[in-house]
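Accompanying notes for the structure given below.
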Amino acid sequence: MKLHTAHRAGWALFDARVHRDDRGWLMEALRLDVLRSHAGPVEIAQQNVSRSHRGVLRGLHYQLGAPQGKLVQVLEGRIHDVIVDLRRHSPTFGTSFAFDLSADLPRLLWVPPGFAHGVLALEDSLMSYALTCAWDARLDRAIRWNSPDLSIAWPLDGIDPIVSARDRDAPTFDEAELFEPGALAGPLPGDE
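Residues 3 to 194 in my numbering are what the sequence shown spells out, letter by letter.
Here it is as structure tokens:
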């Protein structure tokens, strides 16, 4: 795993190292030392795997009280991944960033704590994501995926999104509970 691109907001893309031979391949999917060189002293508390049919749209999800960093990777298929900075003290507060991730180009997306995260499956997809703290239903929150105050350009050409009732009925960005100043421990990247 090696750093491909990093942004001052704290997100980063990493290239996964794939070793191929006549037997198949082996992918180096996580190197904590490489992740920590960008993200600081993170720990992995939970690993999830999610399968989504083409057209499934999940999110925008986040967790208050115990914000999660996420390391996202597509194992099969192709997704459109969107993150939104919810940290009120951040210069990129309210900004969304979008990434197309696929199994054909093995990359990992680091989503720092304090961001909402959403995914649109452009094909049937299998995703893996490592979390820096465990999921807690009491702290789980969502922002509506099509919140007009965010103006996210989801690539919906020919796709009628399949959205859970929870995500469909989530509040807009302007209505959502967000992180208050000082709610996230530590400086923003570049503040050191």
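Backbone N, C-alpha and C define an ideal beta-carbon position, used for all residues, glycine too.
Residue i burial status per 10 Å Cβ neighbour count (16 or more: buried)
i	result
V74	buried
T134	buried
A167	exposed
A155	exposed
P157	exposed
R146	buried
G12	buried
H63	buried
W112	buried
DSSP-derived helix/strand/coil call for residue i
i	result
A41	helix
F117	strand
G12	coil
R170	helix
D138	coil
F181	strand
L5	strand
L34	helix
D162	coil
Nearest-angstrom beta carbon gap, residue j and residue i [assumed within contact, 8 Å]
i	j	result
P150	L59	Not quite, the Cβ-Cβ distance comes to about 16 Å (not below 8 Å), so this is no contact.
A18	T7	14 Å between Cβ atoms; not a contact.
F117	L88	6 Å
R56	D126	5 Å
L128	R80	With 8 Å as the limit, L128 and R80 do not qualify as a contact, their Cβ atoms being about 11 Å apart.
Below 8 Å, how does it come out for the region 127–141 and the region 58–75: are there three or more Cβ pairs, yes or no? yes
Quick one: any contact between the region 80–97 and the region 32–40, if contact means 3 or more CB pairs under 8 Å? no
Can you check the region 54–97 for any beta strand (DSSP E) of at least 3 residues that lies completely inside it and give the ranges in chain order? 59–65, 72–78, 80–87
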